[in-house]
Structure formats: C-alpha cells, structure tokens
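285 is the number of the first residue of the sequence shown in this note's numbering; add one for each residue after it. Note sheet for the following structure.
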Amino acid sequence: MGSGSQIHYKQNRLKQLRAFCHAARTGSVSAAAEKIFLSQPTVSLQIQALEREFGTVLFERRGPKIKLTPEGDLLFQMAEPLVEGMDKLHEAFATQAGRVDQGVLNIAAGESTILYILPEPIQAFVEQYPGIELKMHNVTGRDGLAMLRADEVDLAVGSMMEIPDDITYRPFVTYQPTLITPLDHPLAGKERVTLEEIAPHGLILPPRHLSTWRMVDLVFKQHNLSYRVTMEAGGWEVIKKYVELGLGISIVTDVCLTGEEKLSRIPIGQYFPRRSYGIVQRRGKFLSPQTKCFIKTLDRAFADRLVEPPPPPQPQTAGDTEWEDALLG
C-alpha cells in the first residue's frame, strides 16, 4: 500500500470512528448523521466498514434504536477520547502554545448556582480569558444531565445527591444547613435549636417534588415529630423574602445567605446534611482547554471552602436523577 493510500485510509478511519462514536452516544444512526452533517446511509456504511475491519458486530439493531454490543462498548471507550482529541486538536495546540484566547465554553447550571456560586469565578475567568466566548445555560437538573449526555455543554456545575453511572461529580465547595427566621421570631438569636423547638412553627419550603422537602420530611419522621408547612415557594430569594415578612421560618443551605438579609440564622448541621456543589461531567469526556482553565478558576475561587467534604453521593442508575435541589427558582 503506497503512502498516499495509507493517508487516505487513516482519514477514512477518523471519519468512521467519528460516525461510530456519535451513533453510540445518541443510540441512533439518523441522529448521528444529523450531528455530523452526513446522510444516514453514509453513516451506516462507515459503521459497517469498521465492523468488517474489526471482524465483529458493534451494534445490536432494534428498530430505529441501536445499542452497543460488548465489543462495540470496548471500541467506544477506546475511540471516543481519540476522536474528541482530534476534533479539539487546534484548541489543545493553542493552549500548549500559551494561547487560550479563543473558542467557546458551554456551562450548564441551575439558577441558584448561577446566582450564588458562579459570579466570582465567572468574573475571574472572563478577566483572564476575554477571548473565550462563555455560554451559560440556566437549566433544571434533568435538562442539565441531558445536555451533558448530548455533548451540548462542556460541563455542569451543581449539587448532586445521586450520581448516574455515566456521570462524574467532583465537589469543590460545601455549605451548611441553616434555619432562617424573622428577626422578631421567638427562635431568633439562639445559637442552637432543637427539632422540637422548630416543629410548632410554620415552615416555608421549596416545592414538594424537590429534595429539600423530602429531606425535611425524613428528618422529622426519624425523630417522631410532626411539622407544619405554611407555604410552598420556588426559589431561595422568594423564600428569604417571605421569611423576612414574618410568614414563616425555613430551612435553607447557607449558600444563599449574603448577610444582607433581615433574618436571624441558626446552624442546624446536627440534623440536616451539608450540601456540596461541584463539577458535573459526562464520564470519559475529553476536557477542552477552555474547560480545564475554567475548572482551575473554580478550584482557585473556592480553595479555602471545601472543609470536611460530605460523604460521597451514592451511585445510581435510574433515569430520574435528583440533581441540584437549588433549582428552585
């Protein structure tokens, strides 16, 4: 085989692997074709060529959906970093040459993370890398995970209690559970409170389907205590405002407390778990230079804040993942 045909063959190999990886990730030949701007028959032919070359079947075909065989899964794990590395070669070279002044960084986060966690690191990042186009996606937890899986974002920032097996989570900051009351409330000013003291007072909680409510319910039940919810409110800013107005008390994570509020705050870490916030990524994702720079910026911004990390979240495989209770607003 001459050198010219070898180069042509290698170029084809990259195209075949790119088509294969997109099909593996989306579970659909037509979706893969759409992603890489090719026709569906072309993608099918590229996958068939790989199957011939490796002498194996890479996908089980079930109607419109395709599923990786064990051999297909093995090739996917090996090929994906290679394809992403080639696709990001230009950016990686620019970084190694000391020029991280271009490209795009897509970040998914919930409203509370955007409001309370990200302003300082985002400001530092924009000042250091003004040429990088930053795109913030304000999403719910489930949508954030869907965007990660579809490679529509480079990373997500949020709080995870359960980790699906295709996702990685690395916390970089922890916050404490806190009882907030109006300044003239009977509990205001106390250094410590018991659940028995909290129970008679009406609580303002986030919507019932989010994990804060479930956590409160679980803790009170464990202590054989009943409690009253006087109001459901979405978003910590809303909850703080209604507590200030004297309409109830609430249990929040102190990430949302700036010190400017007209509220009394009492730590209640003896009853409720601390909440970590961290970097959420698709397992095996190639880290673009822009992503690496942003992660370093986050770590610098919170270098002194990750004290006594909370117990690691439990892996889980169910589709309905609880991600970021802070997505209240």
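We treat Cβ as the ideally placed atom computed from N, Cα and C, and that holds for glycine. All values derive from a computational prediction rather than experimental measurement.
Straight-line gap, residue i to residue j (C-alpha atoms, nearest Å)
i	j	result
Ile447	Val457	17 Å
Ala476	Pro470	It should be noted that the sequence gives Arg, not Ala, for residue 476. Cα to Cα, Arg476 sits roughly 13 Å from Pro470.
Tyr526	Glu516	11 Å
Thr573	Tyr453	Here residue 573 turns out to be Pro, not Thr, going by the sequence shown. Distance between the alpha carbons of Pro573 and Tyr453 is about 19 Å.
Ile511	Tyr555	Ile is not the amino acid found at residue 511; the sequence shown has Tyr there. Taking the straight line from one Cα to the other gives about 15 Å.
Lys576	Gly532	43 Å
Trp616	Ala303	The structure shown does not extend to residue 616, since the chain spans only 285 to 613, so no value can be given for it.
Ile552	Leu463	6 Å
Cys305	Phe360	6 Å
Thr581	Ala408	7 Å
Leu329	Val313	11 Å
Leu342	Met445	34 Å
Gln412	Lys372	21 Å
Val367	Lys319	14 Å
Gly518	Arg297	51 Å
Ile550	Phe321	56 Å
Val327	Gly387	28 Å
Lys419	Ala315	24 Å
Thr537	Tyr561	11 Å
Glu364	Gly339	19 Å
Lys474	Ile535	15 Å
Ile401	Val539	8 Å
Buried or exposed (CB count within 10 angstroms, at least 16 for buried), residue i
i	result
Asp438	buried
Ala620	As shown, the chain starts at 285 and ends at 613. That puts residue 620 outside it, with no answer to give.
Val564	buried
Thr478	exposed
Ala434	exposed
Gln300	buried
Glu395	buried
Met499	buried
Lys569	buried
Glu335	buried
Asn508	exposed
Gly442	buried
Met362	exposed
Arg559	buried
Thr542	exposed
Gly356	buried
Three-state class that DSSP yields for residue i in the structure shown
i	result
Lys546	coil
Arg584	helix
Pro448	strand
Pro484	coil
Ile406	helix
Thr310	helix
Leu399	helix
Val477	coil
Tyr453	strand
Thr458	strand
Leu489	strand
Ile350	strand
Pro325	helix
Cβ-Cβ separation, residue j to residue i (assumed contact under 8 Å), whole Å
i	j	result
Val522	Leu487	That pair is no contact at about 14 Å.
Thr496	Leu502	Rounded, the Cβ-Cβ distance is 11 Å, inconsistent with contact.
Leu389	Ile416	6 Å
Start and end residues, alpha helix (DSSP H) containing residue i
i	result
Gln515	What sits at residue 515 in the sequence shown is Met, not Gln. From DSSP, Met515 is part of no alpha helix (DSSP H) but of the beta strand (DSSP E) over 512-516.
Ile391	No alpha helix (DSSP H) contains Ile391, which is instead part of the beta strand (DSSP E) from 388-393.
Gly356	354-371
Leu439	First-last for Leu439: 439-442, but that is the beta strand (DSSP E), not the alpha helix (DSSP H).
Lys569	Run containing Lys569: none; DSSP gives neither H nor E here.
Gly425	425-433
Thr340	Counting along the chain, Thr340 falls outside any alpha helix (DSSP H), and DSSP gives it neither H nor E.
Phe504	495-506
Glu521	520-528
The beta strand (DSSP E) enclosing residue i, as first and last residue numbers
i	result
Arg345	343-346
Ser560	559-566
Ile464	461-466
Val536	534-537
Glu417	417-422
beta-carbon residue i near the ligand SAM non-hydrogen atom, thresh 7 Å
i	result
Ser510	Absent from the structure shown: the ligand SAM. Ligands present: none.
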